[in-house]
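Residue numbers (the UniProt record's numbering), protein chains in the order written: chain A, 1 to 295; chain B, 1 to 295; chain C, 1 to 295.
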């Protein structure tokens, strides 16, 4: 596993988590972890929204460090945020509290949900943002948070700053998520179309989760399930058809070709060497591709 | 009030501030606060300027945390910075030292000014950047800083790094602003045209302070003074005329219409639901609109 | 010198460095410094790559603060990164560990190199990224790192997260660079064309290292060597010829003219007052200019 306990010598206050673990259960006391906040939003960094969220966190939990995953999720692109969270959380310490705010329906009464796993806590709207992370952690505890038990909202329009940040600070201070919501099943949460690739008679229908700065195209094909895929015929949204094969690194893709790489992010990527696969094939988050004759 | 004292258990060194407060005066000793630096500039994040400013702060005050409000203020747009500061500082802890650098005249002998209020300290050029924050805090102590008493400048072109950062570090280390400048009246500071909406016979002339990532248009109409405004006829810079009404949230604005929202930032905003009010009406920071028949 | 020892009262753990210093040698024990990590990449801030790198650093070295120099280096522009590092490191504390990842050949077996000077440590690919910093520090110890001795790489495609971050954490924890690689001479490292201006019979051929947010054009003419330059005739890539002269600040450049400024970054810059010298003359990183009749 990628998230060992942090060493005990730490600047952060250790805090009890409500998830049980075998060693902790054996010793009869809850496992404790040093805390940090990890932020994931579509706020961008030009507006003062992220700064205000951090101001509140620092005011309420001044000793807990804050780390940005990204604030550059394209506005309202939940699938990209879900991918960022699933790809990033294994690199963070146990004890991390993830505050995720990407929501086309902000300001409306959409519910908040939480996930606890391996000492980490994730807070997000119930719009599928937790799906890819939860899928990889069958042991995770999922909860639907009860608006009546959440910190007061001063503002109908900025839940991240006024509800999620104070909630996260209270969790970092030792309160349990059990005080804010009851467990639900994974099937109780929102599950958008991009959450799972569809196997049909004509092949596998996959969705684009993200296009990165270098033009690499991340598909919703996790290495956990799809690492066996060596080659296929790919139907692109513009009607063209190309043969693609796996390459060990970006540099191993022949010039002018598009390859399939097991990138560093845990999902299969369409990529080109020193070129943008996304621009070459007009791909963007939300697009669908069909993989035929997978082998 | 939104900025209570931080709890005493903190990683930051408590520091005396020169502003007096009733409880502190009663107990006969100065109030102390845990310190943090909050940064607000138009430097962007691509160049190394923000990193160098943080390097200096960390070299001179290694235990004081640094929080970014924004470095994405449009170049030289003082009204946007003034709005960011006014909207953000209430969410930061007492003890925060705000370093604000947005200045069309950098490198010229424009003066620096400071504001102290509620345990917070703000440092900025005398170009109106402090105006909106000062307006909301009639108890604030304003000072004009004396160049002869400021830390040496190694460079004629980077005051933020070479003068403001060392000054902020000395304040965090316990020095008083009184050592660097004498008090002035609010009317002694620069007061640009966008600072106050103008009421004239034809209506209220308001200015655009900011257009956010989602296309919401922030006007210089603070909720403190303008929350009563329910509807009006709006004259746009391109000559068109629209009727607008208040909406409780962005989602409550009828499709295709532009509404007036008491946003999360303390000012009235022109907004549209899942659309950019700024693009629809060609609005940008610095533009003026006329509100007729306000009711 | 610009990087004094940090005061001993610090949140960061003091750590031995392998560079010797006169006072330390005299007292017979290694010099210790408080640590921080400084990051310089071309990853951008939209993707989750920087967040993952920070997650790993925080997991392995939770008490060491992290400061961003920039993640906005244009993709694969090594000269810009080299300039950012040379211009920034003097403002950081002794004890800073710089993690630099800008590499057109990532994923290929290019070597990693290190530099130790004044208590600071720099880690980078061997592509010239350290050149400008090393040039200014003839006392620096340079090493070629041995892949066989570096932390395991989980991924062929993300060396920054999987190799450099764990290495930096081990250095912050007290391990010596001598355990990871042997010293080499400056002439053993890659030295690209932009590293040194060429003096030829027709004048001085200089390269553009960077264009900043305000359109200022940084040339590879360090003030250390070129501060005497008062005026010259400049041949631009588009064939035009202009006379340029030094100005003390950007505001001192006559309107409509392009001037030469000893900017705050330690290198000569082509600049205009409230205008973009880069746009005016179609200059960009990698472009070359010829300075004739320098005086």
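Just so you know, even glycine gets a beta-carbon here, dropped at the ideal spot from N, CA and C.
Quick caveat, the model's predicted, so the values are computed rather than measured.
Measuring alpha carbon to alpha carbon, tell me which of the options ends up nearest residue i.
i	options	result
residue 66(C)	113(B), 59(B) and 71(B)	59(B)
residue 43(A)	200(B), 70(B) and 165(B)	70(B)
residue 35(A)	170(A), 158(A), 138(A) and 198(A)	170(A)
residue 78(B)	233(B), 234(B) and 128(B)	128(B)
residue 72(A)	46(A), 216(A) and 243(A)	46(A)
residue 295(A)	137(A), 139(A) and 230(A)	230(A)
residue 61(C)	50(C), 167(C) and 149(C)	167(C)
residue 95(B)	164(B), 206(B) and 174(B)	174(B)
residue 137(C)	76(C), 162(C) and 86(C)	86(C)
residue 146(A)	180(A), 251(A) and 198(A)	180(A)
residue 104(C)	82(C), 75(C) and 135(C)	75(C)
residue 228(A)	262(A), 284(A), 172(A) and 250(A)	262(A)
residue 148(C)	111(C), 289(C) and 281(C)	111(C)
residue 164(C)	50(C), 246(C) and 223(C)	50(C)
residue 245(A)	190(A), 224(A), 182(A) and 270(A)	270(A)
residue 159(A)	281(A), 274(A) and 53(A)	53(A)
residue 172(C)	121(C), 256(C) and 90(C)	121(C)
residue 135(A)	82(A), 176(A) and 182(A)	82(A)
residue 157(C)	80(A), 247(A) and 90(A)	247(A)
Using the beta-carbon count (16 or more within 10 Å), is residue i buried or exposed?
i	result
residue 292(A)	exposed
residue 279(C)	exposed
residue 187(A)	exposed
residue 260(A)	buried
residue 114(A)	buried
residue 125(A)	buried
residue 240(B)	exposed
residue 201(A)	exposed
residue 116(A)	buried
residue 162(C)	buried
residue 226(B)	buried
residue 178(C)	exposed
residue 139(B)	exposed
residue 281(A)	buried
residue 68(B)	buried
residue 31(C)	Here residue 31(C) scores only 45 on pLDDT, less than 50, and its place in the model should not be relied on; the value that follows carries that caveat. Counting Cβ neighbours within 10 Å, residue 31(C) comes out buried, since at least 16 surround it.
Return yes when the Cβ of residue j is within less than 8 Å of the Cβ of residue i, no when it is not.
i	j	result
residue 92(B)	residue 123(B)	no
residue 84(C)	residue 39(C)	no
residue 242(A)	residue 272(A)	no
residue 208(B)	residue 286(B)	yes
residue 268(B)	residue 234(B)	no
residue 192(A)	residue 206(A)	no
residue 144(A)	residue 184(A)	yes
residue 265(B)	residue 211(B)	no
residue 277(B)	residue 258(B)	yes
residue 48(B)	residue 88(C)	yes
residue 284(A)	residue 195(A)	no
residue 215(A)	residue 275(A)	yes
residue 223(B)	residue 189(B)	no
Would you say residue i lies against chain F (beta-carbon separation less than 8 Å)?
i	result
residue 120(A)	Annotation note: the requested chain F is absent from the structure, which comprises protein chains A, B and C.
How many whole angstroms separate the CB atoms of residue i and residue j, which I take to be in contact at a CB cut-off of 8 Å?
i	j	result
residue 64(B)	residue 37(B)	6 Å
residue 237(C)	residue 289(C)	7 Å
Under 9 Å, CB to CB, which of the residues in the segment 67-88 of chain A have a partner in chain C?
67, 68, 69, 70, 71, 72, 73, 74, 83, 84, 85, 87 and 88
When you check each C-beta in the segment 45-66 of chain B against every C-beta of chain C, which residues fall closer than 7 Å?
45, 46, 47, 48, 51, 52, 54, 55, 56, 58, 59, 62 and 63
Please list, in chain order, the residues of the segment 196-216 of chain C that have any C-beta partner in chain B closer than 7 Å.
212, 213 and 214
Closer than 8 Å between beta carbons: that is the criterion. Which residues of the segment 255-287 of chain B meet it against chain A?
The segment 255-287 of chain B vs chain A, Cβ under 8 Å: 261, 263, 264, 265 and 274.
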